[in-house]
Amino acid sequence: MNAAANTTTAHSGLQSLSLSQRLVAGSLALALGLVLLVGTGFAGDYRLHNGAHDTRHAMGFPCH
235 MNAAANTTTA HSGLQSLSLS QRLVAGSLAL ALGLVLLVGT GFAGDYRLHN
285 GAHDTRHAMG FPCH
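Under the working numbering, the first residue of the sequence shown is numbered 235, with each subsequent residue one higher.
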């Protein structure tokens with residue numbers, strides 16, 4: 235018997251997400267990113283603010 239005929243496909247256990255589930259996940263990721271960006275931009279601690287400021291400049295993102 236051919237060995238290839240006896241092989242089974244391996245399933246990763248992950249199921250494809252529906253459109254609504256992908257939209258929810260994308261919205262949550264966007265919200266988290268905005269919270270991190272705005273939160274560090276208006277942080278009271280100058281070291282956190284300056285670190286975010288320098289990172290934005292290093293990535294070519296104008297911030298002022």
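In this text, a Cβ means the ideal position worked out from N, Cα and C, and glycines have one as well. Here the structure is a predicted model, which means the values were calculated and not measured.
Would residue i and residue j be called neighbours here (beta carbons separated by less than 8 Å)?
| i | j | result |
| --- | --- | --- |
| His283 | Thr274 | yes |
Are there 16 or more other CB atoms within 10 angstroms of the CB of residue i, so buried, or fewer, so exposed?
| i | result |
| --- | --- |
| Ala286 | buried |
Please report the residue range of the alpha helix (DSSP H) in which residue i lies.
| i | result |
| --- | --- |
| Asp288 | 280 to 292 |
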